[in-house]
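Let me begin by presenting the structure, written as structure tokens, before commenting on it.
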């Protein structure tokens, strides 16, 4: 494969790296797209000198191009592509063993909460959920058997902000791994490895893919030793992404910069508009002046993202609004060219018990709006008629 970190390539701007990432041309033909190697196995021309690729679970040239691509974008040594975001998260958690303890963001994605609470708990891997906007709560959760700190910032769906540099530095002092789910911000706005984080995770189904047409997960390791450990578990579990989906994800990632920049401008306008209304209880968006994590967000990120959450006051009103909107897709997921309006209580966080949701600020009236590429004035007009129609 190409040397992705040589020469002055490191000095290129992010938008340039999105297009010229080192594997954008086929070296044998000059094709402008990475070939799809739709092969499960590879011939050994010399049995005494095994080829670089022998079986696609262990390595595939199309998947390798994607894995090198995300490593370049995140600034890590190696990337890994998985069959879904949860496959990436699950595989990473398999670095730990029975008896280990993890400290995790309390309002973490519902699927991650379910994995930790209902699956890994059966394997005697313990979890303490804490409010990571308060570093003292993180430090107070330390035990002799603690092995890692798992952050999600901004958190899903209340968009709480964790100071990644502070937590990663503290974790390193205590010999802990630091892990961040970077799905909401993507490396376009936020690069945790540059702040000292060890492993960065993505549900690439979301903003990286960007078109609601591929299911994928990505992980990036900070150093070679950790990369080897992740590779071993990825190969052992077989949680890999197929060649077709690897190619489709790369195609989506090339437009990440343009999509994120446009959607964020619209998200800011949407958040301001929602904030100005007297029939919305709370608006969650890191770009709002009153957001408690805004200063930290601006310290560690170059933008605020394209997700806005807001509470309309009750579950009944939220459901009525969902039946009235015309433009957003009412669905699970986020980060696509089309706007997606989600109801966390019955979608992303349905696996979290109601009392646990409420403790974390995920009320029955909370909605999450992932702003797409539609004209923001049309989106606001649609939301306005839906809010008016849903008044009780």
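Numbering (the working numbering), first residue to last: -13 to 378. Positions of the beta carbon are idealized from the N, C-alpha and C atoms, including for glycine.
What runs of the alpha helix (DSSP H), each 4 residues or longer, lie entirely inside the region 75 to 111?
Counting only runs of 4 or more, we get 96 to 100.
If residue 187 sits next to residue 74, beta carbons under 8 angstroms apart, how far is it from one beta carbon to the other, in whole angstroms?
The Cβ separation is near 5 angstroms, so the contact holds.
Using C-beta distances below 7 angstroms, list every residue in its chain close to residue 279, excluding the 5 sequence neighbours before and after it, in chain order.
Cβ neighbours of residue 279 beyond the five flanking positions: 119, 146, 147 and 272.
Within the continuous alpha helix (DSSP H) that includes residue 150, where are the two ends?
Residue 150 -> alpha helix (DSSP H) spans 150 to 159.
Leaving aside the five residues before and after residue 197 along the sequence, list all residues of the same chain whose C-beta is less than 7 angstroms from its C-beta, in chain order.
Closer than 7 angstroms at Cβ, skipping near neighbours: 238, 322 and 323.
Quick check for students: name the residue ranges of the alpha helix (DSSP H) that lie wholly in the region 166 to 241, counting only runs of 4 or more.
For the region 166 to 241, whole alpha helix (DSSP H) runs of length 4 or above, ordered along the chain, are 172 to 175, 210 to 223 and 229 to 239.
Could you say if the region 241 to 249 and the region -2 to 8 meet the contact criterion of at least three C-beta pairs nearer than 8 angstroms?
Result yes; three or more Cβ-Cβ pairs closer than 8 angstroms.
By a C-beta neighbour count over all protein chains shown, 10 Å radius and 16 as the cutoff for buried, is residue 72 buried or exposed?
It counts as buried.
Ends of the beta strand (DSSP E) at residue 33?
It is not in any beta strand (DSSP E) - residue 33 carries neither H nor E in the DSSP assignment.
Mind checking which residues open and close the beta strand (DSSP E) that includes residue 354?
352 to 356 is the extent of the beta strand (DSSP E) around residue 354.
Look at the Cβ atom of residue 153, then the Cβ atom of residue 164, and state whether they are nearer than 8 angstroms.
Yes; because the gap between Cβ atoms is below 8 angstroms, this pair is in contact.
Check each candidate in 30, 9, 8 and 62 and name the one with the smallest Cα separation from residue 213.
Checked all of 30, 9, 8 and 62; the closest Cα to residue 213 is 62.
Which full runs of the alpha helix (DSSP H) of 4+ residues lie inside the region 275 to 348, going along the chain?
The region 275 to 348 contains these whole alpha helix (DSSP H) runs: 280 to 286, 301 to 310 and 340 to 345.
Please go through the same chain and pick out, in chain order, the residues whose beta-carbon is closer than 6 angstroms to the beta-carbon of residue 371, but skip the five residues on each side of it.
Hits under 6 angstroms: none found.
Rounded to whole angstroms, how far is the Cβ of residue 294 from the Cβ of residue 256, which I believe are closer than 8 angstroms?
At roughly 5 angstroms, the Cβ-Cβ gap stays under 8 angstroms, so residue 294 and residue 256 are in contact.
Return the residue from the list 192, 129 and 236 that minimises the CA-CA distance to residue 21.
Checked all of 192, 129 and 236; the closest Cα to residue 21 is 236.
Applying the criterion that 16 or more other CB atoms from any shown protein chain within 10 Å of the CB defines a buried residue, is residue 113 buried or exposed?
Answer is buried; the Cβ neighbour count reaches 16.
Quick one: what does DSSP say residue 11 is sitting in, helix, strand or coil?
In the structure shown, residue 11 sits in coil (DSSP, three-state: anything other than H, G, I, E or B).
For residue 304, count neighbouring C-beta atoms within 10 Å of its own C-beta (all shown protein chains included) and say buried if the count is 16 or more, exposed if not.
Buried, since its Cβ has 16 or more Cβ neighbours within 10 Å.
Could you check the C-alpha separation between residue 56 and residue 88 for me, to the nearest Å?
In a straight line, the C-alpha of residue 56 is about 26 angstroms away from that of residue 88.
Select from 234, 302, 366 and 332 the residue whose C-alpha is nearest the C-alpha of residue 263.
Nearest option by C-alpha distance: 366.
Does the region 198 to 213 come close enough to the region 165 to 184 that 3 or more CB-CB pairs lie under 8 angstroms?
Judged by Cβ distances under 8 angstroms, the region 165 to 184 makes contact with the region 198 to 213, as three or more pairs qualify.
If you draw a straight line from the alpha carbon of residue 224 to that of residue 80, how long is it in whole angstroms?
Cα to Cα, residue 224 sits roughly 12 angstroms from residue 80.
Terminal residues of the continuous alpha helix (DSSP H) containing residue 124?
First-last of the alpha helix (DSSP H) with residue 124: 121 to 126.
So residue 226 and residue 25 are supposed to be a Cβ contact under 8 angstroms. How far apart are they, rounded?
Not really, about 14 angstroms apart at Cβ, beyond 8 angstroms.
Taking the alpha-carbon positions, what's the residue 86 to residue 161 distance?
Distance between the alpha carbons of residue 86 and residue 161 is about 13 angstroms.
Give the DSSP-derived three-state secondary structure of residue 367 in the structure shown.
Looking at residue 367 - three-state DSSP - the assignment turns out to be helix.
Quick one: residues in its chain with C-beta nearer than 8 angstroms to the C-beta of residue 341, no 5 flanking neighbours on either side, listed in chain order?
None.
Going by Cα to Cα distance, which pick from 84, 93, 125 and 121 is closest to residue 105?
It is 84.
I need the DSSP call for residue 136, collapsed to helix, strand or coil.
Of the three classes helix, strand and coil, the one that applies to residue 136 here is strand, per DSSP.
May I have the straight-line CA-CA distance separating residue 41 from residue 252, to the nearest angstrom?
The alpha-carbon atoms of residue 41 and residue 252 are separated by roughly 45 angstroms.
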